[in-house]
Amino acid sequence: MKYTMSVLVTNQPGVLSKVAGLFSRRGFNIDSLAVGTTEDPTVSRMTIVVDGDEYIVEQVEKQLNKLIPVIKVKTLEQGSHIPRTLSLIKVSVSAGQRADIMRISELMGARIVDATRTSLTIEFSDTAERADTLETLLKPYGIREIVRTGTIAIEKGADPIRKTQT
Amino acid sequence: MNGAQAMVKCLEREKIRTIFGYPGAAICPFYDALLDSKVHHVLVRTEQNAAHAASGYARTTGGVGVCVATSGPGATNLLTGIASAYMDSIPLVVITGQVKSDLIGRDVFQEADITGAAEPFTKHSYLVTKAADLPRVFKEAFYIAAAGRPGPVLIDIPVDIQLHTVPKFDYDTPVDILSYKPSVQGHPLQIKKAVTALMAAKRPVLCAGGGVFSAKAQKELRALVEAFDLPTVCTMMGVGALPSAHPLNLGMLGSHGCVPANKAIRDADLVVMAGARVGDRAVAAPNQVAGRAKIIHIDIDPAEIGKNMAAHIPIVGDLKQVLGALAEKIEEKAPAEWVQVVTDRKKRYAAKSIDPLDKYVEPKTFLRAFSKRLESNAVVCADVGQNQIWCANNVEVREGRLFTSGGMGTMGYSIPCALGVKCADPKRRVIAVCGDGSFQMSMMELATICQEQKGVKIIVMRNGRLGMVRELQKNHYNEAYSGVLLDGSPDFVKIAAAYGIRARSVSSNEEAMAAVEEMLADDQPYLLECVVPWDYPSL
Ligand SMILES: Cc1ncc(C[n+]2csc(CCOP(=O)(O)OP(=O)(O)O)c2C)c(N)n1
Chain A
1 MKYTMSVLVT NQPGVLSKVA GLFSRRGFNI DSLAVGTTED PTVSRMTIVV DGDEYIVEQV
61 EKQLNKLIPV IKVKTLEQGS HIPRTLSLIK VSVSAGQRAD IMRISELMGA RIVDATRTSL
121 TIEFSDTAER ADTLETLLKP YGIREIVRTG TIAIEKGADP IRKTQT
Chain Y
167 MNGAQAMVKC LEREKIRTIF GYPGAAICPF YDALLDSKVH HVLVRTEQNA AHAASGYART
227 TGGVGVCVAT SGPGATNLLT GIASAYMDSI PLVVITGQVK SDLIGRDVFQ EADITGAAEP
287 FTKHSYLVTK AADLPRVFKE AFYIAAAGRP GPVLIDIPVD IQLHTVPKFD YDTPVDILSY
347 KPSVQGHPLQ IKKAVTALMA AKRPVLCAGG GVFSAKAQKE LRALVEAFDL PTVCTMMGVG
407 ALPSAHPLNL GMLGSHGCVP ANKAIRDADL VVMAGARVGD RAVAAPNQVA GRAKIIHIDI
467 DPAEIGKNMA AHIPIVGDLK QVLGALAEKI EEKAPAEWVQ VVTDRKKRYA AKSIDPLDKY
527 VEPKTFLRAF SKRLESNAVV CADVGQNQIW CANNVEVREG RLFTSGGMGT MGYSIPCALG
587 VKCADPKRRV IAVCGDGSFQ MSMMELATIC QEQKGVKIIV MRNGRLGMVR ELQKNHYNEA
647 YSGVLLDGSP DFVKIAAAYG IRARSVSSNE EAMAAVEEML ADDQPYLLEC VVPWDYPSL
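Those protein sequence lines, which keep their order, are chains A and Y.
If you're matching positions, the first sequence starts at 1 in this note's numbering and goes up one per residue.
If you're matching positions, the second sequence starts at 167 in this note's numbering and goes up one per residue.
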């Protein structure tokens, strides 16, 4: 089962390696990891998708909390948050297919961000599952390159994560 | 004031009297500043032992131990010592010099990424980039090392930073680390639940780990044990948490523990794990234990609870407070029948006579007699191997301590640890007990002992083998002995003599006890070699 965890860390050198090191050292499996700044310039937020069971998730939470730069760890409940991943997909196009690909993109809510005579580059921001679907739909046309970010996620509702209870 | 002077001043402000280290180019400014300070520097003979000695110092003072090394090889030599302290939750501040800031990352002479290398073995680490940060970093490091679950903290300081000016030395601003606020008060509801469970139990047992010492909770432990008549076992790190001879102390549990302790755990319907992390040597099948018994797990580190063993009643908090609260609230006594069964078993076990050996010292009876002869607050530092198991099961701890490398099992720990103890408390009797393998891993520290004129006493159990590994090969590898012969070892009495240390070799218990009288007659270093059989069991 996949769990999405939000980890707030103080913005200092070496934090990412501490977190990554902890996962490999303790044999936890990371599905994806994304880091970025937050509303507070001294704090970064990592979103980590972990593959495991409840025991693993509890261990990950506790071990993360032991790292001094980690301020808060929260495992987001299924359905109570909005997960997003960003994909950039370069697809081959031959003369007759351009319209097809544009229609698929429109249908899925993706954007064409670059075009050449032989290719289209599509930007897509949605859940990881929907990104998989788009990939499947585009595959027959010939995918040249895909770049995907790790999942980021925010909780539903009005409260920011720093206020909510873990 | 430059960075180096600020570093020394921080140590003074932390009331550190002795530090252990080894200099080199990248830490020279610090050594220079040290000349103007009362902080005493002990020059060990290899850096690993600086960390071990600092560990002995910390365990004795109950505060933080400090060790220092230069960049590159000095720093990497520290790693085993740092890792040993980490596994045993010993608070250390480890100071390393680093190459010049602008050269970091270029693989220059004696550059090593020590904060990276030590990452898995440190509670936290700093690579200092501004001299102005030094006072804050040191203050935080000392705080983090000692707060919550103690552990080593590394401060890596480039040599140029040590020479830069520190504009303002402020060591009074309290530490405020947003992300580190360990909880120390056990939750009242959990404590209440624990009291109820204890009073309902038919066959309760407490297991004391090293956390009892970290929390300085020996008194509270004893109060709880006596208030409730609670039979108690200990892990290797918990030996002596309750005096060995206490009627309710059933001894050490685990694969190298004793029968009364292991049977008590096997039969228990409730186990209180107190500051013990349930390592595999202590509890081989934790889920079996948790399947049979209700588990109350008390630890200041929430990550230890449920890690190796399921806990029915977890209590996160400082053992001193939690055990104290439990002792206060307990109103009944544990079922007398159960207490009778386990304490009788202990008596029977202790009364079993052990046959003396012809031409050899019998180590178990010797260690019993020897430890009885010691001052009641003496510290015994046990090394690793059969000698460690003999010590853990036979040394009688009263108000003293048994120090050993429990988590890492680092050979060579006992002698530098004993040196650290003696530096922290020169009046205490300190004895290092080691095997002939482990002795040769730290033999170079005889020089430090002489240089510091510290009356460390050393007992070497000489069996000409890496006894414990040999025992493993005997029992599990078809008696195929590989790489365990210590042929070529020198005459230890002569080695000691070369350092001007009095020494004697004995091969019977009578001789050994006579030599002990000679050893204990003064406060000078002494080496006693006990010749023990090479085919002799740990248990
Ligand atoms: C640094 C280190 N290397 C290797 C080991 C593995 N090891 C555990 S016990 C032991 C033998 C110890 O021999 P000795 O010091 O002579 O003590 P004895 O078992 O004979 O009492 C060894 C090699 C270890 N624990 N530590």
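Think of the CB as a built atom: it goes at the ideal place given N, C-alpha and C, for glycine as much as any other residue.
The model shown is predicted, which means the values in this text are computed figures rather than measured ones.
Are there any heavy atoms of ligand 1 lying less than 7 angstroms away from the beta-carbon of residue i, as far as the coordinates show?
i: R447 (chain Y); result: no
i: S32 (chain A); result: no
i: M365 (chain Y); result: no
i: S648 (chain Y); result: no
i: N29 (chain A); result: no
i: S604 (chain Y); result: yes
i: G578 (chain Y); result: yes
i: C600 (chain Y); result: yes
i: Q552 (chain Y); result: yes
i: G377 (chain Y); result: no
i: G404 (chain Y); result: no
i: D126 (chain A); result: no
i: G633 (chain Y); result: yes
i: N474 (chain Y); result: no
i: G572 (chain Y); result: no
i: N543 (chain Y); result: no
So is residue i buried or exposed if we call it buried at 16+ other beta carbons inside 10 Å?
i: P480 (chain Y); result: buried
i: F275 (chain Y); result: exposed
i: T116 (chain A); result: exposed
i: H642 (chain Y); result: exposed
i: I520 (chain Y); result: exposed
i: K623 (chain Y); result: buried
i: E181 (chain A); result: As shown, chain A starts at 1 and ends at 166. That puts residue 181 (chain A) outside it, with no answer to give.
i: V172 (chain A); result: Given a span of 1 to 166 for chain A in the structure shown, any question on residue 172 (chain A) remains unanswerable.
i: T238 (chain A); result: In the structure as shown, chain A starts at 1 and stops at 166, and residue 238 (chain A) therefore has no counterpart that could be examined.
i: M403 (chain Y); result: buried
How far does the beta strand (DSSP E) with residue i in it reach, from first residue to last?
i: L209 (chain Y); result: 206–209
i: A516 (chain Y); result: Counting along the chain, A516 (chain Y) falls outside any beta strand (DSSP E), though it belongs to the alpha helix (DSSP H) covering 502–517.
i: T281 (chain Y); result: Element bounds for T281 (chain Y): not the beta strand (DSSP E) but the alpha helix (DSSP H), 280–283.
i: F124 (chain A); result: 119–126
i: K72 (chain A); result: 70–76
i: C400 (chain Y); result: 398–400
i: L638 (chain Y); result: Note, L638 (chain Y): premise wrong, no beta strand (DSSP E); alpha helix (DSSP H) at 633–642.
i: V181 (chain Y); result: The residue you asked about is not Val; residue 181 (chain Y) is Lys in the sequence shown. Premise fails: K181 (chain Y) is in no beta strand (DSSP E) and is neither H nor E.
i: G457 (chain Y); result: From DSSP, G457 (chain Y) is part of no beta strand (DSSP E) but of the alpha helix (DSSP H) over 452–458.
i: I481 (chain Y); result: 479–482
Measure how close the beta-carbons of residue i and residue j come, nearest whole angstrom, since I'm counting them as under 8 angstroms.
i: V49 (chain A); j: S32 (chain A); result: 5 angstroms
i: L86 (chain A); j: V19 (chain A); result: About 21 angstroms separates the two Cβ atoms, so there is no contact after all.
i: A407 (chain Y); j: Q384 (chain Y); result: 6 angstroms
i: T236 (chain Y); j: I182 (chain Y); result: Not really, about 19 angstroms apart at Cβ, beyond 8 angstroms.
i: L64 (chain A); j: A153 (chain A); result: Incorrect: roughly 16 angstroms between the Cβ atoms, too far for contact.
i: T401 (chain Y); j: G376 (chain Y); result: 7 angstroms
i: I625 (chain Y); j: V599 (chain Y); result: 5 angstroms
i: R564 (chain Y); j: S542 (chain Y); result: 4 angstroms
Return no unless some Cβ of chain A is closer than 8 angstroms to the Cβ of residue i.
i: T401 (chain Y); result: no
i: L245 (chain Y); result: no
i: L344 (chain Y); result: yes
i: P318 (chain Y); result: no
i: H290 (chain Y); result: yes
i: A469 (chain Y); result: yes
i: T509 (chain Y); result: no
i: G472 (chain Y); result: yes
i: E285 (chain Y); result: yes
i: I661 (chain Y); result: no
i: I310 (chain Y); result: yes
i: T281 (chain Y); result: yes
Does any C-beta atom of chain Y lie closer than 8 angstroms to the C-beta of residue i?
i: G14 (chain A); result: yes
i: P160 (chain A); result: no
i: R45 (chain A); result: no
i: P168 (chain A); result: An answer regarding residue 168 (chain A) cannot be provided, because it is not within the stretch 1 to 166 covered by chain A.
i: G52 (chain A); result: no
i: G27 (chain A); result: no
i: K163 (chain A); result: no
i: G21 (chain A); result: yes
i: E58 (chain A); result: yes
For the alpha helix (DSSP H) containing residue i, list its first residue and its last residue.
i: N560 (chain Y); result: 552–560
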